[in-house]
Each structure stands twice: as C-alpha cells, then as structure tokens.
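Beneath this line is the structure, given in structure tokens, with notes to follow.
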C-alpha cells in the first residue's frame, strides 16, 4: 500500500513538472534536434542548411559552445568569410582555449583585405601557441612578425624556437637570414642563409640574391706590398723596406683571417739587419655589439733574438659609445738601435719593445666625434730595466663636408706621455741618458690641429690625406 502511494506521488510530481515548465523541456529537445540536424548537414556539405540549424540552436541557447564553433565553420564552408571571422571572434572571446580555431582565425586575418587587423593576427597566433606548441604555426607566426622591422627581434625568437625542434628547417633559417639582414647583423644573416641553402631542396631566387649581397666584401683577397720609409736625422737615422704579400679569408660568417708574410730589411749608415716576417690576424664577431681582434707577428731580423709581437683587443659597442680595451706588444722605430739592437759598444743594446695596456673610448656629442685612449705599460730594452710608460691620446673630429664618398673634416689631436726614465742614449755613459735609443722624455705633449680628406668606397677607406702644424712640449729633466 505504501509503495503504491510513493509511485503515485512520483508520477504526479513529474506530471506537474511537465505542465509547469513545458518551455524548458521543449527547448532542450528542440536544441538537441537542431544540433543533430546541423551536424548531419555539415557531413554532407550542405552548409546552408547547417547554418540555419546552428543559428536556431543559438537562438535557443546563445552559450552553446559547439554551435558557436560549428556555425563559424559552416559560414566558412559556404564562402561567407566575413561572417565566419565575426563568428570566430565571438567564439574565441568566450573560449580562448581552442588552438585550432585560433590558428585558423590568425591565418584568415593575414589576408590583405584584413590588413587593418594585424594586431589581431598576432593575438590569435599567440592564443593558439599558448595552448599548443605547433612548429608549423609558430613558423607562420614568425614569418608574419618578420614582415615588420619593429617586430623582427621577436620574429628571431620564434624562428629559433622552431629550430630547437627542427634544426634543419630551411624556412626557419631563411626567415632568420632575412630578419638579421633587416636588423643589420650581416654575419648572422649570412650564416643562416647558408644553412637554409644547405637544407633546401632548391634554393629560391630571393635567398640567392640575399646571399650574393651578403658576400660582397667577404671574397678572399690576395695582394702584394712594398712599403718603404726613411728617417735621415742622426743619431736616429733609419731606413727600411718590406717586400711581401697579404691575403684575407673568411673562414666562417663570424670570422675574418688575415695573413701577411715576406722579407724586411733595415739599415743606418753603419749597420744592417734583415729577416723574414709573418703576421696572422683574426677577427671574431660575437654579435653586432661585441667582437674580439687578435694579431700575432713573428720577426727574425732583430739582433736581440727572434721576436713575437701581439695585439689583442675586445670591442663593445653601445648606442651612444664604444669601448675597446686591449694589450699590444710592438716594435719601436725610433732608431736602428731601438728597432734591431746593436753590439757596437761590445754589449748588446737596444731591441726596444713597447708593451701597453690600453682602452679606447669613442663617442659623439652633436657634430663632435671624440676618441679617448688612456694607456699604461712598460718599455723593454736589452741591458736596461723596464721603463714605465703611461699617457693618453685624444682625437676630436668635426665633419665639414660630405659628397659622393668624399669627406672633409677638421681634427684636433693631442698626445701626452710620461716615461719613468730617459733611455734615449746610444752608448753606455755616466752622463748621457741610458742607452735604449728611443725617444723617452719625462713629459711629452704633442698637439696637432689639422684638416683631413677621406674617400670611402664600399665602407673602406681608399684614400686619406691629413695635414697641419704640430705644437710640442718636451720635459727632459
């Protein structure tokens, strides 16, 4: 009896629910029916009927996610591109976790007719990549970024992410080559253009043209040289010549190697020294703002023994200045004694070498271009103690006229140096300076105001002429 009453009550409650809320029940059934109808029409390609069905669903339930998505696809299938894009905008605003539709929307908005929506292209690519790391879509995103210089750096980041998964992706290397070229980093541009050509089945014309442009000035070169100089004033008289060859070769996109070799001969009125020389220099460009330069030289003419010289420098460039610290060990051409050494007194003297730590600072202020180089080190010579040397060089330049590669400028040069002791003598003596044979006053100040004329072609100085008076102060106390 009790069981019969429970069944009756349950039936009555359902009947009352159906009578009191007929719309809810009917709308749910209708929504489901139209949804099924829309899906069926999508399968057979009847997009017009599918659109009608999905629109009915959204009239009943505007928040139906599947209907919102499917309606956009149906619009697209029917060729109603603008409606599809509007629908996907609404869908992705509420459901940004759908990478497939986000990528589709980004690709659609790349069309030229939607050029006013470029920011949305970026938004939808980023939306999709946040949910799905798709290499193909990331590559398309990077290519779109690379179309504009202001987003080239971000494009480089995206291309590099593609290469972490697909290191032989020719399109990613090509995109990097173009982006780096646009930003002025020709070393990286050449490096990636070479890799793109290596991994491509067929090199495209635009890549070939880019590589050809990047190779200008990087071709291997070979040349001869015959420098000659004469310094007649005794006791500093010195004459010399070199006969040699030099060459340049880029081993990689980031390095340039120079080699110079030959024969050299130096003499004065009573002595002569000759031998072979070899110089090897390498420049390694880390990136646009940093590079390392190194040169090592071998000379066999000196009577003080075979000599190895060195110049090593690191350059760091910023937007407003550049700084170049380094170390150099150099020959001194002050006299035959200083350069080659001599035994005329029965003792080996001379063979002077300068060893300096320096730091070049270059910057501009308005039209004025400044170069400041403080230095500190020592001078070594046979039979003498190391002689401390310190000082500073200053150059101020103001361009006056530029035309067709020619530049006329006015310059001011200042050089101030100090030596610990005077080693300018030539023979051991109790009253004369120490016998080093090189100019080494306690204080030396040299000032030169001058004009300079330079002709530059393809970023190389082909001709340079400068002249002006020199004002000097020498303290030999």
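Residue numbers (our numbering): 121 to 597. Heads up, the beta-carbon is just placed ideally off N, CA and C, and yes, glycines get one too. Just so you know, these numbers come straight off a predicted model, no measurement behind them.
In the DSSP assignment, residue 385 is bridged to 361 and 394. Excluding the 5 residues flanking it on each side, residue 319 has same chain C-beta neighbours closer than 8 Å at 288, 289, 290 and 293, in chain order. If you draw a straight line from the Cα of residue 349 to the Cα of residue 389, it is about 15 Å long. Residue 472 holds the alpha-carbon nearest to the alpha-carbon of residue 507 among 485, 472 and 256.
With contacts defined as CB atoms closer than 8 Å, residue 480 and residue 444 qualify as a contacting pair. Here DSSP, grouped into helix, strand and coil, assigns residue 242 to helix. Within the DSSP bridge table, the entry for residue 518 names 530 as partners.
Look at residue 356 here: in three-state DSSP terms it is coil, with no helix or strand label. Under DSSP, no beta-bridge partner is assigned to residue 264. Here the C-alpha atom of residue 436 lies approximately 25 Å from the C-alpha atom of residue 536. Looking at the DSSP output, residue 448 bridges to 431 and 476. Cβ contact annotation for residue 271 (same chain, cutoff 6 Å, sequence separation greater than five): 265, in chain order. In the same chain as residue 189, and ignoring 5 residues on each side of it, the C-beta atoms closer than 6 Å to its own belong to 211, in chain order.
When DSSP reads this structure, residue 441 sits in a beta bridge with 483. Taking every protein chain shown into account, the CB of residue 177 has 16 or more other CB atoms within 10 angstroms, so this residue is buried.
Exclusion of the five residues before and after residue 251 leaves 217 and 219 as the residues of its chain whose Cβ lies within less than 7 Å of its Cβ. Inclusion of residue 415 and residue 401 in the CB contact set at 8 Å is warranted, their separation being smaller than that value. At the C-beta level, residue 381 and residue 422 stay beyond 8 Å of one another. In this structure, residue 575 sits away from residue 530, with a CB-CB distance that is not shorter than 8 Å.
C-alpha of residue 485 to C-alpha of residue 566: approximately 24 Å in a straight line.
The DSSP-derived three-state label of residue 551 is coil. Around the C-beta of residue 549, fewer than 16 other C-beta atoms lie within 10 Å, and the residue is accordingly described as exposed. The three-state reading of DSSP puts residue 506 in coil, since its state is none of H, G, I, E or B. Boundaries of the beta strand (DSSP E) harbouring residue 419: 410 to 419, taken from the DSSP string.
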